[in-house]
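Report on the structure given below.
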Amino acid sequence: MRRGRLSRRGLLGGAILVLWVGLMGWQARTVYLQPEMTRLAEATRGLDPGTHFYAVRMGGEVVGMASSRLDTVPEGFLLEDRLNLELQAMAQEGMASAVTTVRLTPTLQMTDFTFELGSDAGRFVATGRVEGDSLLTVVVEAGGQPQEVSFRLTEPPISASVLPIRIAQGGQLQVGRTVRYPVFDPSTVSTRQVEVEILERDTLVLPDSAARDPGSGRWAGAGHRSVTAWRLKESYGGITVESWIDEDGRVLRSSSPTGLSLERVPFELVDQERSDARAAGGAGRSGSDVVFSTAIASNVDLSDAGERDALRFVLSGVALGDFDLEGGRQELRGDTLTVRREALDELEPGFRLPYPRMDLSWALSPEPLIQSGDERIRRAAETAVRPLRGQRNDPVAVARRLNEAVYRMLDKEMAFSLPSALQVLETRAGDCNEHTVLYVALARALGLPARMAVGLVHLEGSFFYHAWPEVWLGEWVAMDPTLGQSPADATHLRFLTGSLAQQVEVARLIGNLRIEVLE
């Protein structure tokens, strides 16, 4: 695919970012709490080490395998979670894997962890260590020099993968009970508040072994057992994950708003189901397409959106007050959102580059995945604006030029990963997420305040999850280097801004948001 070619394949990566971040927050989190140490240490002596395997499904079709291994070690426990996915998006398939390893004390407190996410698009690694009871130091590697981030703790941390075990071993499996914990997510290097509610108690029947049929040679469930189980609802940032756990706290089933679900099954059955899915290829797998499964149909033909100065949308199905819908190009009145397209030639930013004041320092600073201070990013930014000559201090001219440069620089391809600006600069390919992080990094390197925005965009009859950059030109102005729009058209509906930690919250829209375009 040539650089700069406009296609849905290169555009619709927003859903993948939402899925990845939501999934990583679901599969690998760190929770801070102060357990009843003596009681918990006594209870965990009865924990049985072992490995459980899970089928990962989307739209009822298997898309991967997960495993959770708990071992006893001299200093306590070792927990290793593995996740392997084979995702489909816009008729493209991609593979990705995540591994989380956590060392725990006998009271299930975390001492250190390693989180690694890998795919063809790149590698993201976060390692952390608790120093004393008050400091968590995390080192992030995502291209370039490792970056260190420190968090002051008010309470000793434990792994969120152990949270159901903690609830069970701590005697908290009581229907109707609700507990709350602050959470650290290594995939986004951020914290969030988590609420867990015990909803009900029931009995589930699960396969506990497999045997090969001598006639067909295929594996089949050889035995089943009844398991006493509790259903938990975990809520954070408006997102809800539901899980069934056994009386020891080990997960039996789990589902997330991204459409992914886990079900504990014997390894042979998971492996066979994955092999069957591979043999079937893309045929009949539309239900597991990350992009199409999250699209929202439009009631109006918006093929002429590029010619419209403003559009109005009636939004329903979600609590609108929880999102960043008001401000800049967007005006919310009740349930009606008006989005206008900025006129760049009429803007008066009121400053020259680099931005001279401290009020937007957060929008100029490097982040673990936006390495705007790296020399390679600085050189690429200078190269991009070199044709401007006498306009290199003009923020409007620079914003336009960067949009064109990133649009032409990257091949439009799906990327099943967490985007890093340096890795994007190296691979020169990606979807909307890669275009956005690279644009933001280049803009910040030149002293132009920039931030990430996430929401929806209209394309070919539907609204799809999408990411794009916004730059400060006296007001926040939406650009779109993925589509080559400068500024972005009025079908870009911004719901959130900020880092990956904030963007995960857009997952609450999936399956709930309804949009009516007003003529």
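So for the sequence shown, the working numbering puts the first residue at 0; every next one is plus one. Beta carbons are placed, not taken as given, at the ideal position from N, Cα and C, and that holds for glycine.
Among the candidates the options, whose CA atom is the shortest distance from the CA of residue i?
i	options	result
residue 210	71, 256, 154, 268	268
residue 58	231, 293, 150, 305	293
residue 93	289, 126, 108	289
residue 162	245, 204, 50	245
residue 47	77, 63, 56, 65	77
residue 85	274, 177, 464, 295	274
residue 167	472, 227, 184, 205	227
residue 411	481, 306, 43	481
residue 206	212, 139, 266	266
residue 52	176, 271, 231	271
residue 378	229, 336, 437, 464	437
residue 342	324, 54, 484	484
residue 364	440, 148, 494	440
residue 249	239, 261, 257	261
residue 263	61, 389, 512, 234	61
residue 475	496, 117, 141	496
residue 462	512, 232, 55	512
residue 258	518, 498, 55	55
residue 198	243, 212, 216	243
residue 305	42, 394, 458	458
residue 148	158, 134, 96, 159	134
residue 582	416, 454, 159, 278	With the chain running from 0 to 518 in the structure shown, residue 582 is simply not present.
residue 41	112, 235, 87, 170	170
residue 448	386, 375, 348, 344	348
Grab the span of the alpha helix (DSSP H) containing residue i for me, first residue to last.
i	result
residue 235	Residue 235 -> not in any alpha helix (DSSP H); beta strand (DSSP E) instead, spanning 218-235.
residue 426	420-426
residue 434	431-444
residue 406	394-408
residue 551	As displayed, the chain neither begins before 0 nor continues past 518, which places residue 551 out of reach and without an answer.
residue 317	Neither: residue 317 is in no alpha helix (DSSP H) and is coded neither H nor E.
residue 264	Neither: residue 264 is in no alpha helix (DSSP H) and is coded neither H nor E.
residue 381	374-384
Evaluate residue i with the Cβ neighbour count: other Cβ atoms within 10 Å of its Cβ, from every protein chain shown; 16 or more gives buried, anything less gives exposed.
i	result
residue 340	buried
residue 434	buried
residue 145	exposed
residue 505	buried
residue 151	exposed
residue 486	buried
residue 208	exposed
residue 73	exposed
residue 488	buried
residue 67	buried
residue 366	buried
residue 479	buried
residue 193	buried
residue 361	exposed
residue 223	exposed
residue 200	exposed
residue 107	buried
residue 522	Summary: the structure shown does not reach residue 522, with the chain confined to residues 0 through 518, and so no result is reported for it.
residue 97	buried
residue 23	Low local confidence applies: a pLDDT of 47 at residue 23 is under 50, so the model's placement there is unreliable, and no value is given.
residue 125	buried
residue 517	exposed
Would you say residue i reaches chain C, if we count a Cβ-Cβ gap shorter than 9 Å as a contact?
i	result
residue 385	The structure shown contains no chain C; it is built from a single protein chain.
According to DSSP, residue i sits in a beta bridge with which residue or residues?
i	result
residue 97	82, 116
residue 57	60, 259
residue 450	469
residue 130	134
residue 455	464, 492
residue 141	Beta-bridge pairing links residue 141 to no other residue.
residue 164	Answer is none; residue 164 lacks a bridge partner.
residue 197	231
residue 299	Partner(s): none; residue 299 has no beta bridge.
Along the beta strand (DSSP E) that carries residue i, what are the first and last residues, could you check?
i	result
residue 464	461-471
residue 514	513-517
residue 171	First-last for residue 171: undefined, no H or E at that position.
residue 254	250-254
residue 477	475-477
residue 370	Note, residue 370: premise wrong, no beta strand (DSSP E); not H, not E.
residue 336	335-339
residue 150	146-151
residue 332	329-332
Given 8 Å as the limit, tell me if residue i has its C-beta closer than that to any heavy atom belonging to the ligand GDP.
i	result
residue 354	Here there are no bound small molecules, and the ligand GDP is not part of this structure.
contact_flag[the stretch 421-433, the stretch 120-131] where n(CB pairs < 8 Å) is 3 or more: yes
task: Take every Cβ of the stretch 401-418, pair it with every Cβ of the stretch 318-337, and state whether three or more of those distances are shorter than 8 Å.
output: no
- prompt: Quick check: the stretch 63-81 against the stretch 99-115, are there 3 or more CB pairs under 8 Å?
  reply: yes
- request: Answer yes if the stretch 389-404 comes into contact with the stretch 464-472, meaning at least three C-beta pairs across the two stretches below 8 Å, and no otherwise.
  value: yes
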